[in-house]
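Protein chains in written order, with the numbering used here: chain R, -8 to 530; chain G, 33 to 416.
Below you'll find the structure, written out as structure tokens, and then a few comments.
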């Protein structure tokens, strides 16, 4: 059983009171700022939130844990006024409130920092902040206020810097300052560290602790268990729309928290025997790319070699050139010289993605809907999307399609990867993120590619599906393929890679063998420490 | 207080299919009100407009004559629009097709051969395709907006035709009327059943084109490419499909079909070139394409309906004494209602109580911030 943890399977009021009695520490810490009782939200027949109870005291950092699709975002949307609950009450300072739009929530003192920022890249930080204030506030006053806040909370930021020039961490600071300017009592942070280096995350935690010391409350949404254990006072765990536990994360282990989230033990990919690596199958030589638009990252002299049987990971904060590198390797963007990219010893820099696939390469881009798959098309059509050039059984020389064969293959892939879907051949957008990702990975694995390049294999995917995908990638490498995984998730890379290289400002460090790699070392490289030196050494 | 459109979490399949019928029903109601307002008995007026033309054999032939160009053009536009390319200039490609196809009978009347007609049709298609290649090239090369360029080229084509028939191509024995010489029998598209009416092979071309286009869209890799390109351009690039080649393909194809419609009309229904050879077929075909749900077979049904509005307009002019512009009014209402129905099937209207606070705008400045956008838009995206 989970120690120090109150399980709350039913959602009766009595249970709730029991909870209050049990958790004495909370009441000693002060009054309740927000109390949610029996909150339920239906989408059609789906109970996205089912009788959710939650209370947040003044001056605490409260973690909201759960897998994708557990109902966290639905709950938060209701707290932020952009969704109205079907049933249930929200008490703010012990008063019943109805939140019908975000402006009302802001007026009460609820602020939110989104996972995906909404900033104009062509404007300065101060201008972006001013957009959220009354039109009458002069820009200079806003900039001064922002500067004040940034020094008070340890969020270094130049209000006059163009957002386009700022790192992801700095952009997040703008969002946080923008939120703080509204003087909120409760700040909701949605997966704030998913875009930060370990060192940047440390700085964020200091800021959060300072806010807590001032008596502000923070609702911290995350699936990173170590950091929840580190900074959160209490945690509420959700699964399938229900609250399954309230607990003190400091008294839990990461494994026990994961078990609550997932409902079962989480498997860790077994790396298997590191076979002796074979011939280089994917080689990138001195790849440089000018930025395609003012806000894209230039690639600077990237070199890399992946052997058969090897799984190389590329770490880095988002926006440091990973997507640009992926596009260049996949052939969605061609290179000037054919030798820049070789696939199975053939120069491939001048040929497109279909021809590169024919050389035995397979690609999985970061975005599932709209890049890897067309949302409004069926799974079998989406299978055809990536395989029409490599599988003659799908599309003959005459140009006629053989939908029977495509559908059978789609079924086979769904079975092999345990893709759970509603109908026989549903639209891609009807699948959950994890199931669609399993299908997209399976679509490539089914070909047994000699070279596999994956960008963010488990981004936004539930733990069960993520474990399955990681295992499949490891197995592919062990079977002799060259596998390149680009990921922001360091835990993932440490779990599956044979060596990890780091991308920063469009440069790629030399790969560090997993035995010599540590979080700290990789984290420093992600922050830009001396990456160029390594790249030169590699070139 | 103001209104905003909010995307529905799921659209009703039933209403999507019913939408063209709903639109037609609403057009009839609005038409009845319109007729009542100008002092006509709405029932009689609608009868003579929409039913009477269908009661006689000869007027069914006329329906086929009017429907043929509409369907031919709309089939091409359907393919174009499915790939997310917006050719609005089919009227111009229709006219150029008519002009280029008429080169042989107008300039070389002495060339007599059974090959004349096939050559004319071929040249008409080439003419339309080449004319459509202009906006395609401009889009692929300079990223211009094809809606504007293709539309503007319509006026160029109209003026070119006007100049030709008043100038160099005017019939030397035609008493200075602005028209070319009458085509010889070999240059005229034959009628299907000469005993009962004028309908010519144009309608057959239209039906064949519709079936072939449907087969292409649903059964071939090229059709798949077109659909992916329209549904998700980035996914199409990932699939290895080239957007630039697609621009040329769909513009050339739709231009060729419009050109074929043009020369068929000139050769079959008119028999010579005149300053005006189209009552706006190229524009009306846009309505046909949308009313036909961007499906080539749907375009056949929609083409017949729109042809009826032309016939009804003529009939109403005669029996009711109203302006023939009434046909354009009906066509406009039909497009308005079909687009309105489609919009309301995908979105619902939400009333916003007060003017939006400046602060709540900021969370949705960029399209990329989809999460924030969904939140602010009332969270209807929450079910995703």
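The C-beta atom is built at its ideal place from N, Cα and C for all residues, glycine as well.
Of the listed residues the options, nearest to residue i (C-alpha basis)
| i | options | result |
| --- | --- | --- |
| residue 350 of chain R | R:44, R:320, R:223, R:85 | R:320 |
| residue 93 of chain G | G:245, G:354, G:327, G:227 | G:227 |
| residue 290 of chain G | G:362, G:78, G:110 | G:110 |
| residue 177 of chain R | R:47, R:186, R:378 | R:47 |
| residue 464 of chain R | R:355, R:307, R:507 | R:355 |
| residue 232 of chain G | G:368, G:141, G:98, G:376 | G:98 |
| residue 533 of chain R | R:280, R:408, R:449 | In this structure chain R extends from -8 to 530, so residue 533 of chain R is not present and cannot be described. |
| residue 357 of chain G | G:127, G:346, G:244, G:367 | G:346 |
| residue 28 of chain R | R:256, R:35, R:41, R:428 | R:41 |
| residue 33 of chain R | R:77, R:512, R:327, R:290 | R:77 |
| residue 294 of chain R | R:287, R:309, R:273 | R:273 |
| residue 441 of chain R | R:385, R:238, R:333 | R:333 |
| residue 118 of chain R | R:99, R:142, R:153 | R:153 |
Opening and closing residue of the alpha helix (DSSP H) in which residue i lies
| i | result |
| --- | --- |
| residue 207 of chain G | It is not in any alpha helix (DSSP H) - residue 207 of chain G carries neither H nor E in the DSSP assignment. |
| residue 76 of chain G | 74 to 78 |
| residue 253 of chain R | 245 to 253 |
| residue 426 of chain R | 424 to 436 |
| residue 399 of chain R | 394 to 407 |
| residue 50 of chain G | 45 to 69 |
| residue 127 of chain G | 122 to 133 |
| residue 217 of chain R | 216 to 222 |
Chain-ordered neighbours of residue i on chain G, where CB pairs are closer than 9 Å
| i | result |
| --- | --- |
| residue 344 of chain R | 269, 270, 271, 272 |
Within chain G, the residues that residue i reaches when beta carbons sit closer than 7 Å
| i | result |
| --- | --- |
| residue 323 of chain R | 269, 270 |
| residue 366 of chain R | 264 |
| residue 380 of chain R | 272 |
| residue 362 of chain R | 266, 267, 270 |
First through last residue of the beta strand (DSSP E) which encompasses residue i
| i | result |
| --- | --- |
| residue 291 of chain R | 290 to 298 |
| residue 226 of chain R | 225 to 230 |
| residue 26 of chain R | 23 to 34 |
| residue 45 of chain R | 37 to 48 |
| residue 83 of chain R | 78 to 83 |
| residue 103 of chain R | 101 to 104 |
| residue 86 of chain R | 86 to 88 |
| residue 233 of chain R | 233 to 238 |
| residue 476 of chain R | 473 to 477 |
| residue 271 of chain R | 271 to 280 |
Contacts that residue i makes with chain R (C-beta to C-beta distance below 7 Å)
| i | result |
| --- | --- |
| residue 254 of chain G | 390 |
| residue 186 of chain G | Near residue 186 of chain G there are no residues of chain R at all, since even the closest Cβ is about 32 Å away, more than 7 Å. |
| residue 251 of chain G | 391, 392 |
Assigned exposure category for residue i - 16 Cβ within 10 Å defines buried
| i | result |
| --- | --- |
| residue 242 of chain R | exposed |
| residue 174 of chain R | exposed |
| residue 508 of chain R | buried |
| residue 413 of chain R | exposed |
| residue 87 of chain R | exposed |
| residue 163 of chain G | buried |
| residue 36 of chain G | exposed |
| residue 406 of chain G | Caution applies to residue 406 of chain G, whose pLDDT of 35 falls short of 50 and renders its modelled position unreliable; the model cannot decide the point. |
| residue 406 of chain R | exposed |
| residue 391 of chain G | Because the pLDDT of residue 391 of chain G is 40, which lies under 50, any placement of that residue in the model is unreliable, and the question is left without a value. |
| residue 252 of chain R | buried |
| residue 240 of chain G | exposed |
| residue 19 of chain R | Residue placement at residue 19 of chain R is flagged as unreliable, the pLDDT there being 42, under the threshold of 50; the coordinate-derived value follows with that caveat. Exposed. |
| residue 199 of chain G | exposed |
| residue 536 of chain R | Any property of residue 536 of chain R remains undetermined from this structure, which presents chain R solely from -8 to 530. |
| residue 527 of chain R | Reliability fails at residue 527 of chain R, whose pLDDT of 39 lies under 50, so the model's placement of it is uncertain and the value that follows must be treated cautiously. Exposed, by the Cβ-count rule. |
Amino acids of chain C, ordered along the chain, whose beta-carbon sits closer than 8 Å to that of residue i
| i | result |
| --- | --- |
| residue 76 of chain R | Here chain C cannot be found, since the structure's protein chains are R and G. |
Chain-ordered chain G contacts of residue i [CB-CB under 8 Å]
| i | result |
| --- | --- |
| residue 231 of chain R | Result: empty, since nearest Cβ-Cβ is about 15 Å, beyond 8 Å. |
Contacts that residue i makes with chain R (C-beta to C-beta distance below 9 Å)
| i | result |
| --- | --- |
| residue 18 of chain G | This structure leaves residue 18 of chain G out entirely; chain G is present only between 33 and 416. |
query = Within the chosen definition, does the region 181 to 200 of chain G reach the region 250 to 260 of chain G through at least 3 CB pairs nearer than 8 Å?
reply = no
ask   = Are the region 300 to 312 of chain G and the region 162 to 173 of chain G in contact at 8 Å, needing three or more beta carbon pairs?
value = no
ask   = Below 8 Å, can you find three or more Cβ-Cβ pairs linking the region 52 to 71 of chain R to the region 229 to 249 of chain R?
value = yes
ask   = How do the region 382 to 394 of chain R and the region 334 to 347 of chain R stand: do at least 3 beta-carbon pairs fall below 8 Å, yes or no?
value = no
request  = Check whether the region 128 to 140 of chain G touches the region 262 to 270 of chain G, taking contact to mean three or more Cβ pairs, one atom from each stretch, closer than 8 Å.
outcome  = no
query = Touching or not, the region 313 to 320 of chain G and the region 218 to 225 of chain G, by the rule of three or more beta carbon pairs under 8 Å?
reply = no
ask   = Just checking, does the region 418 to 435 of chain R make contact with the region 212 to 226 of chain R on the three C-beta pairs under 8 Å criterion?
value = no
Given 8 Å, three or more beta-carbon pairs between the region 140 to 148 of chain G and the region 275 to 283 of chain G = Pairwise C-beta distances place the region 140 to 148 of chain G out of contact with the region 275 to 283 of chain G, as fewer than three of them are shorter than 8 Å.
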